[in-house]
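Asks: Residue numbers (the working numbering): 1 to 453.
#1: Could you please give the first and the last residue of the uninterrupted alpha helix (DSSP H) stretch that includes residue 235?
#2: Tell me whether the region 120-133 and the region 82-94 touch, counting them as touching only if at least three CB pairs, one residue from each stretch, are closer than 8 angstroms.
#3: Grouping DSSP H, G and I as helix and E and B as strand, with all else coil, what is residue 249?
#4: To the nearest angstrom, how far is it from the Cα of residue 304 to the Cα of residue 281?
#5: Once the 5 residues before and after residue 85 are set aside, which same chain residues still bring their CB inside 6 angstroms of it?
#6: Tell me which same chain residues have a C-beta within less than 8 angstroms of the C-beta of residue 99, skipping the five on either side of it?
#7: Rounding to the nearest angstrom, what Cα-Cα distance links residue 261 and residue 253 in this structure?
#8: Just list the residues that DSSP pairs residue 277 with in beta bridges.
#9: Does residue 398 pass the burial test, meaning 16 or more other C-beta atoms within 10 Å, or should it be called exposed?
#10: Pairing CB atoms from the region 260-280 with CB atoms from the region 238-252, are three or more of them under 8 angstroms?
#11: Kindly indicate which three-state DSSP category residue 437 falls into: helix, strand or coil?
#12: Taking only heavy atoms of the ligand NAP into account, decide whether any of them is closer than 6 angstroms to the Cβ of residue 334.
#13: Give me whichever residues DSSP pairs with residue 379 in a beta bridge.
#14: Quick one: what's got a C-beta closer than 7 angstroms to residue 225's C-beta in the same chain, skipping five residues either side?
#15: Using the Cβ count rule (16 or more neighbours within 10 Å means buried), how would you classify residue 24?
#16: Going by C-alpha to C-alpha distance, which of 298, 307, 228, 155 sits closest to residue 118?
#17: Would you identify the three-state DSSP class for residue 161, choosing helix, strand or coil?
#18: Please state the DSSP three-state secondary structure of residue 372.
#19: How would you label residue 351, buried or exposed, when you count the other beta carbons within 10 angstroms and need 16 or more for buried?
#20: Would you call the region 286-305 in contact with the region 357-366, where contact means no fewer than 3 C-beta pairs closer than 8 angstroms?
#21: Could you pull the start and end residues of the alpha helix (DSSP H) that residue 302 belongs to?
#22: Measuring alpha carbon to alpha carbon, tell me which of 265, 296, 293, 343 ends up nearest residue 317.
#23: Using a Cβ-Cβ cut-off of 7 angstroms (strictly less than) and excluding sequence neighbours within five positions of residue 293, which residues of its own chain qualify?
#24: Helix, strand or coil for residue 76, going by three-state DSSP, please let me know.
Shown next as structure tokens:
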């Protein structure tokens, strides 16, 4: 993990578990849509027919993820080596993230996977918490081992419920025909186990594993309502760089705020999904299929293209603060920056193909929920004072102001102190008013990528 001259984080290592400081990745349009915004019943069959391959792929990936979670949780019941325990906890955490992504793909109105998603989120959070504890010299208590045993039993039940859809596939049916049965079992199992018996610490400040965004107040929408019809030219502008053949309105969604979903046919035969808000037409998300080729562009060039796209779409003061490369794709986290303050709650994620420079994905939910003008008090602590604080031998690379979310919908102006010690990278967030350290995160390397603890 490095910072370039502008302070942006750059990582080129192969990645499966996206760095959790900025939240879960841009996997597909359906993933983002289904978590937050239900598809209307009248359009389900049509939408599902167009998405059969995606659902089937999500099902098999979910099966693998739950099986890996189950196997590692089972092994944790008997393993005593701290190194192995940490490795297995990290594996469970990363597979839980993959499970959540694919569960959301399988979600749609009338077949809500919310309970199962919440369960997998909590398993991931809990295992990250324990992994951090073990990595820093702690040992699992009897109660924690008992909790892990309970998680193994629950994950086994979820996997068993998932198997019923496989029977439908083997019989030659489409996966959409079995999702109803899958949902019933998942809801019954997950609702029974998500009962508060295990406390899951709040570990991730950007809300990547929050239970739901739908309870938040929507702050980032403005302007008059638009009609779902007649938006072809606007959608073509959103999909700049693509030759659009047809735009088809799919459905209206209402979960926290109303949005419109479109299926867009491109001239090359590929399909793009686009979602815009009813109020003001704000871009919620869009995603399109792509063929990954050998990269020809650098990370800096890709970030510049992402920033230019944002500017062309009317987003002011958005800067790339984190970049990750995997399989020829650049994932860029864009944050609102004003008066040299990075606003982490106001984040938009952009995906760039490094072979031809095309933007291939966009997700702006955090921005829609959080972006607004804020009255922020000037720091009482100076950057120089923070730089001279005792961080226990941390070799400080950079210090900058950052607004971060806190539990309960609160926010705090902090100094983000980034540095390394003993071959580990750390983020320490110091309250800009009191000078107290209020958040510390450690980047943990693994074979699967990097996790932020």
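Quick reminder that beta carbons are idealized off the backbone N, C-alpha and C, glycines included. The structure presented is a predicted model; accordingly, all values stated were derived computationally and were not measured.
Replies: So, from the data block:
#1: Locating residue 235 in the chain shown gives position 235, where the first residue counts as 1. From DSSP, the alpha helix (DSSP H) with residue 235 extends over 232-238.
#2: yes
#3: Along the chain shown, one-based indexing puts residue 249 at 249. Residue 249 falls in the strand class under three-state DSSP.
#4: For the purposes of this step, residue 304 is identified with residue 304 of the chain shown, where counting begins at 1. For the purposes of this step, residue 281 is identified with residue 281 of the chain shown, where counting begins at 1. When rounded, the distance between both Cα atoms is 25 angstroms.
#5: Here residue 85 corresponds to residue number 85 of the chain shown, with the count starting at 1. Same-chain partners within the cutoff: 79, 134.
#6: Along the chain shown, one-based indexing puts residue 99 at 99. Excluding residues within five positions, the ones whose Cβ falls inside 8 angstroms are 62, 65, 66, 69, 120.
#7: For the purposes of this step, residue 261 is taken as the residue at position 261 of the chain shown. For the purposes of this step, residue 253 is taken as the residue at position 253 of the chain shown. Using only the alpha carbons, I get a separation of about 8 angstroms.
#8: Here residue 277 is taken as the residue at index 277 of the chain shown, counted from 1. Residue 277 pairs with 259.
#9: Counted from its first residue, the chain shown places residue 398 at position 398. By the neighbour-count rule (16 or more Cβ atoms within 10 Å), residue 398 is not buried but exposed.
#10: yes
#11: Along the chain shown, read from residue 1 onward, the residue named residue 437 stands at position 437. In the structure shown, residue 437 sits in a strand (DSSP, three-state: E or B).
#12: Among the components modelled here there is no ligand, and therefore nothing to report on the ligand NAP.
#13: Taking the first residue of the chain shown as 1, we reach residue 379 at position 379. DSSP, once it has assigned bridges, lists no residue as partnering residue 379.
#14: Sequence index remark: in the chain shown, residue 225 carries index 225 (1-based). Only 278, 279 meet the Cβ criterion.
#15: Numbered from 1 along the chain shown, position 24 holds the residue referred to as residue 24. At residue 24 the pLDDT is 31, less than 50, meaning the model places this residue with poor confidence and gives no usable figure here.
#16: By 1-based counting over the chain shown, the position of residue 118 is 118. Nearest of 298, 307, 228, 155 to residue 118, Cα basis: 155.
#17: Counted from its first residue, the chain shown places residue 161 at position 161. It is helical.
#18: Counting from 1 along the chain shown, the entry for residue 372 is found at position 372. Coil, per DSSP.
#19: Here residue 351 refers to the residue found at position 351 when the chain shown is read from its first residue. Buried, since its Cβ has 16 or more Cβ neighbours within 10 Å.
#20: yes
#21: Here residue 302 refers to the residue found at position 302 of the chain shown. Taken as a continuous stretch (DSSP letters only), the alpha helix (DSSP H) holding residue 302 covers 299-312.
#22: Against the chain shown, residue 317 aligns to sequence position 317. That would be 343, whose Cα lies nearest to the Cα of residue 317.
#23: Start at 1 with the first residue of the chain shown, and residue 293 comes out as number 293. Hits under 7 angstroms: 328, 355.
#24: The residue given as residue 76 occupies position 76 in the chain shown. Coil.
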